[in-house]
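Before any comments, here is the structure.
Protein chains: 2
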Amino acid sequence: MQIYFSCSITGGRQDQPIYQRIVAHLQARGHQVPTALLADAQMEPPEAQLDAAAVYARDVNWVKTSQALIAEVSTPSHGVGYEIALAESLGMPVLCCYQAGRKVSKMITGNPNPAVMVRAYRTPEEALQIVDAFLGKIG
Amino acid sequence: MQIYFSCSITGGRQDQPIYQRIVAHLQARGHQVPTALLADAQMEPPEAQLDAAAVYARDVNWVKTSQALIAEVSTPSHGVGYEIALAESLGMPVLCCYQAGRKVSKMITGNPNPAVMVRAYRTPEEALQIVDAFLGKIG
């Protein structure tokens with residue numbers, strides 16, 4: 000299926016290695032990830048050079064044409080929060096995962112929507128297990 | 000009118016003084032700001048002690064019962080991004096303001112919705128002028 004992977008760009012890139020692990024895992028299982036380029040250490044073309052309106056239109060279209068959204072929420076990000084609410088308003092299943100010990104907004108961790116799964120992970124391997132559990136639930 | 004003021008809590012509090020200036024300005028003009036306590040330097044009761052589900056339910060209800068949303072987006076925040084999308088999905092007018100020079104997500108600055116106003120300010124006084132221009136436009 001097409002899965003939108005949502006991660007921090009402007010908010011900070013310190014968690015980029017786990018973004019890449021999750022996207023590679025999804026692709027290895029045969030899923031299409033339109034945002035795969037945003038999980039790369041070197042974004043090509045650099046997002047900073049793209050017009051804001053073009054990025055907004057591209058990303059909203061990718062959310063709307065996806066069947067699920069997986070967000071890595073360890074690093075605060077306006078864009079990720081926005082995309083989670085957008086996916087939810089479209090009735091899509093959403094996974095929000097984050098490194099155990101990070102402080103995450105209660106607007107994420109307190110969401111009662113049963114279509115929104117929120118999980119902490121301790122290791123990259125556990126993050127991938129959580130992704131698989133989410134995919135198994137919605138598949 | 001009732002105005003939801005949206006600001007970073009978990010994401011970082013370094014911009015708290017401007018949050019307080021904006022809320023005080025709104026209250027001085029006779030508006031109700033249910034989130035006023037979140038703009039204070041000392042949040043009472045401390046948000047950290049509140050249950051996540053209770054915070055989510057409270058804040059979503061406050062958004063839904065407000066007539067407009069004003070977000071200060073200088074500091075990345077999942078909750079603020081989430082609330083902007085929620086307000087937008089409800090057809091509410093939204094102002095996103097930030098300190099000139101800060102890097103702000105293109106999911107904020109690239110939004111083409113005419114009901115969403117995005118403005119940078121150089122001084123606190125200019126931020127308040129932007130707030131007044133927004134209120135004049137929707138009033």
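If you're matching them up, the sequences are chains A and B in order.
Residue 29 in numbering that gives the first Met the number 0 sits at position 30 of the first sequence; the count goes up by one each step and never skips.
Residue 65 in numbering that gives the first Met the number 0 sits at position 66 of the second sequence; the count goes up by one each step and never skips.
Ideal Cβ positions, reconstructed from N, Cα and C, are used throughout, including at glycine.
With respect to the beta strand (DSSP E) encompassing GLU71(B), which residues constitute its N-terminal and C-terminal limits?
Sequence index remark: in the second sequence, residue 71(B) carries index 72 (1-based). Taken as a continuous stretch (DSSP letters only), the beta strand (DSSP E) holding GLU71(B) covers 67-71.
Using 10 angstroms around the beta-carbon of GLU82(B), count the other beta-carbons present and answer buried if the total reaches 16, otherwise exposed.
Working through the second sequence from its first residue, we reach residue 82(B) at position 83. Buried is the call here.
Closest Cβ-Cβ distance between MET42(A) and chain B: below 8 Å?
Locating residue 42(A) in the first sequence gives position 43, counting from the first residue. Cβ-Cβ to chain B under 8 Å: no for MET42(A).
With H, G and I counted as helix, E and B as strand and the rest as coil, what does DSSP make of SER88(A)?
What you label residue 88(A) is simply residue 89 of the first sequence in a count that begins at 1. Looking at SER88(A) - three-state DSSP - the assignment turns out to be helix.
Could you tell me which of ASN112(B), SER104(B) and GLU87(B) sits nearest to GLN3(B), measuring between CA atoms?
Against the second sequence, residue 3(B) aligns to sequence position 4. First, the amino acid is wrong: residue 3(B) is Tyr here, not Gln. Considering only alpha carbons, the answer is GLU87(B).
Our contact map puts GLY135(B) next to GLY80(A) with C-beta atoms below 8 Å; I'd like the distance itself, whole angstroms only.
Here residue 135(B) corresponds to residue number 136 of the second sequence, with the count starting at 1. Here residue 80(A) corresponds to residue number 81 of the first sequence, with the count starting at 1. Contact flag wrong, Cβ pair sits at about 28 Å.
Which residues of chain A have a Cβ atom closer than 7 Å to the Cβ of LEU85(B), listed in chain order?
Translated into the one-based positions of the second sequence, residue 85(B) becomes position 86. Residues of chain A passing the Cβ test: ALA84.
What residue range does the beta strand (DSSP E) around GLN98(A) cover?
Locating residue 98(A) in the first sequence gives position 99, counting from the first residue. Here the beta strand (DSSP E) through GLN98(A) covers 93-98.
How would you write the range of the beta strand (DSSP E) that ILE21(A) sits in, first residue to last?
On the first sequence, residue 21(A) is found 22 positions in, with the first residue counted as 1. Where ILE21(A) is concerned, there is no enclosing beta strand (DSSP E), although the alpha helix (DSSP H) it sits in stretches over 15-27.
Am I right that THR148(B) and VAL103(A) are in contact with their C-beta atoms under 8 Å? What's the rounded C-beta distance?
Residue coverage of chain B in this structure runs from 0 to 138, which leaves residue 148(B) outside it and unanswerable.
Expressed to the nearest angstrom, what Euclidean distance is found between the alpha-carbon atoms of HIS30(B) and GLY11(A)?
Position 31 of the second sequence holds residue 30(B). Position 12 of the first sequence holds residue 11(A). Computed Cα separation, rounded: 35 Å.
Under 8 Å between beta-carbons, which chain A residues line up against PRO75(B)? List them in chain order, please.
Residue mapping note: residue 75(B) aligns to position 76 of the second sequence, counting from 1. Neighbours of PRO75(B) on chain A, chain order: SER7, THR9, GLY10, GLY11, THR74, PRO75, SER76 and HIS77.
Do the stretch 37-56 of chain A and the stretch 118-125 of chain A make contact, defined as three or more Cβ pairs closer than 8 Å?
No: the two stretches stay apart, fewer than three of their Cβ pairs being nearer than 8 Å.
So the alpha helix (DSSP H) ILE157(A) belongs to, where does it begin and stop?
Residue numbering for chain A in the displayed model covers 0 to 138; residue 157(A) lies beyond these limits and cannot be assessed.
The beta strand (DSSP E) spanning ILE2(A) covers which residue range?
Here residue 2(A) corresponds to residue number 3 of the first sequence, with the count starting at 1. Residues 2-5.
What first and last residue would you give for the alpha helix (DSSP H) that runs through ALA53(B)?
Residue 53(B) sits at position 54 when you count from the first residue of the second sequence. ALA53(B) -> alpha helix (DSSP H) spans 51-63.
Measuring CA to CA, which of TYR18(A), ALA53(A), ARG20(A) and GLY138(A) is closest to MET91(A)?
Numbered from 1 along the first sequence, position 92 holds the residue referred to as residue 91(A). Closest by alpha carbon: GLY138(A).
Tell me whether the beta-carbon of GLY100(B) lies closer than 8 Å to the beta-carbon of ALA51(A).
Taking the first residue of the second sequence as 1, we reach residue 100(B) at position 101. Taking the first residue of the first sequence as 1, we reach residue 51(A) at position 52. Cβ distance not < 8 Å, so GLY100(B) and ALA51(A) don't count as in contact.
Could you check what DSSP says for ALA38(A) in three-state terms: helix, strand or coil?
Translated into positions along the first sequence, residue 38(A) becomes position 39. If DSSP states are grouped into helix, strand and coil, ALA38(A) belongs with the helices.
Per DSSP, what kind of secondary structure is SER47(B) in: helix, strand or coil?
Against the second sequence, residue 47(B) aligns to sequence position 48. First, the amino acid is wrong: residue 47(B) is Ala here, not Ser. ALA47(B): helix per DSSP, three-state reduction.
Just how far apart, CA to CA, sit ILE107(A) and ALA67(A)?
Along the first sequence, read from residue 1 onward, the residue named residue 107(A) stands at position 108. Along the first sequence, read from residue 1 onward, the residue named residue 67(A) stands at position 68. In a straight line, the C-alpha of ILE107(A) is about 17 Å away from that of ALA67(A).
Nearest chain A C-beta to LYS102(B) closer than 8 Å, yes or no?
The count along the second sequence starts at 1 and reaches residue 102(B) at position 103. Yes, contact with chain A.
Here's the rule I'm using: 16 or more other beta-carbon atoms within 10 Å means buried, otherwise exposed. How should THR64(A) be labelled?
Residue 64(A) sits at position 65 when you count from the first residue of the first sequence. THR64(A) comes out exposed.
In terms of DSSP beta bridges, what is ALA119(A) paired with?
The sequence position of residue 119(A) within the first sequence is 120, counting from 1. Answer is TYR97(A), bridged to ALA119(A).
Please check if any C-beta of chain A sits within less than 8 Å of the C-beta of MET150(B).
With chain B covering 0 to 138 only, the question about residue 150(B) has no answer from this structure.
Do LEU94(A) and PHE133(A) have their C-beta atoms within less than 8 Å of each other?
As a first step, residue 94(A) is located in the first sequence; it is residue number 95 there, counting from the start. As a first step, residue 133(A) is located in the first sequence; it is residue number 134 there, counting from the start. In contact: LEU94(A) and PHE133(A) (Cβ atoms closer than 8 Å).
What are the boundary residues of the alpha helix (DSSP H) that includes LYS105(B)?
Taking the first residue of the second sequence as 1, we reach residue 105(B) at position 106. Element bounds for LYS105(B): 105-108.
Name the chain A residues that come within less than 9 Å of PRO111(B), Cβ to Cβ?
One-based indexing of the second sequence puts residue 111(B) at position 112. The answer, in chain order, is ALA52, TYR55 and ALA56.
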